[in-house]
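Engineer:
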Amino acid sequence: MAEIKCPACGSPNVEQIGTNKYQCPYCGKTFSPEVAPAPQPQPQPQQQYAPQQPAAPAQPQYAPQQPAAPTTTKSKVTAGLLAILLGGLGAHHFYLGHIGKGILYLLFCWTYIPSIAGLIEGIIYLTESEADFAKKHAS
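Counting in our numbering, the sequence shown tops out at residue 387, every number present.
1) Shortest alpha-carbon distance to P318 belongs to which of A382, H346, L344, Q271?
2) From G366 to T321, what distance separates their C-alpha atoms?
3) Which term fits G350, buried or exposed, when burial requires 16 or more other beta carbons within 10 angstroms of its beta carbon?
4) Roughly how many angstroms separate the alpha carbons of C254 and T267, rounded to a whole number?
5) Relative to the alpha-carbon of G328, which residue among G345, I371, A256 has its alpha-carbon at the smallest distance?
6) Identify which residue in T375, F342, I332 has its Cα closest to the Cα of Y360.
7) Note down the Cα distance separating I347 from K384, rounded to an integer number of angstroms.
8) Can you tell me which of the three DSSP states F381 falls into?
9) List the endpoints of the continuous alpha helix (DSSP H) containing I347.
10) Bridge partners of E263, per DSSP?
11) When burial is assigned at 16 or more other CB atoms within 10 Å of the CB, is G335 buried or exposed?
12) May I ask you to list the residues that DSSP assigns as paired with F279?
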């Protein structure tokens, strides 16, 4: 025998009150099982689709520190002029603290090779940026 449920609330605890009559003790509905319609499912409220906004990234509480740019106490203009005018004697290398190169230029100054190299180095010093000069010659 099939279990009879209340068509209104779906309760399986129905009481028989007649030959073909039943009554639900919970909701009070009276029904007969032959003509009892199947319980109608309650429509669920449909949720509206709302695209979620992406969460804003959290702001850092501190600013990341940039590495400090190298600084030098030497002037690129002074180094460039010394290289052009006195490059054959290695004056620009002594000024920049490269003592070994300065002595090498002094030893070979009679060949004029240090003069040509000094002229080229002076042009390089005068045309490079302050940051590049400071990187190469940081003291």
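Here a beta-carbon is modelled for each residue, glycine too, at the ideal position from N, C-alpha and C.
Structural biologist: Checking against the coordinates, here is how it stands:
1) Here residue 318 corresponds to residue number 70 of the sequence shown, with the count starting at 1. It is A382 whose Cα lies nearest to the Cα of P318.
2) Position 118 of the sequence shown, counted from the first residue, corresponds to residue 366. Position 73 of the sequence shown, counted from the first residue, corresponds to residue 321. As the crow flies, the alpha-carbon of G366 is around 21 Å from that of T321.
3) Reading the sequence shown from its first residue, position 102 is the one you call residue 350. Under a 10 Å Cβ-count criterion, G350 is classified as buried, with 16 or more other Cβ atoms of the shown protein chains found around its own Cβ.
4) As a first step, residue 254 must be located in the sequence shown, where it is residue number 6. As a first step, residue 267 must be located in the sequence shown, where it is residue number 19. C-alpha separation (whole angstroms): 16 Å.
5) Within the sequence shown, the letter at position 80 stands for residue 328. With distances taken between Cα atoms, G328 lies closest to I371.
6) Here residue 360 is taken as the residue at index 112 of the sequence shown, counted from 1. Ranked by how close their Cα comes to the Cα of Y360, the residues T375, F342, I332 have I332 in first place.
7) As a working note, residue 347 is residue 99 in the sequence shown. As a working note, residue 384 is residue 136 in the sequence shown. So the alpha carbons of these two residues sit roughly 16 Å apart.
8) By one-based count along the sequence shown, residue 381 stands at place 133. Helix.
9) Taking the first residue of the sequence shown as position 1, residue 347 is located at position 99. Residues 347-355.
10) By one-based count along the sequence shown, residue 263 stands at place 15. By DSSP's assignment, E263 forms a beta bridge with Q271.
11) Here residue 335 refers to the residue found at position 87 of the sequence shown. Counting Cβ neighbours within 10 Å, G335 comes out buried, since at least 16 surround it.
12) By one-based count along the sequence shown, residue 279 stands at place 31. Paired residue(s): Y270.
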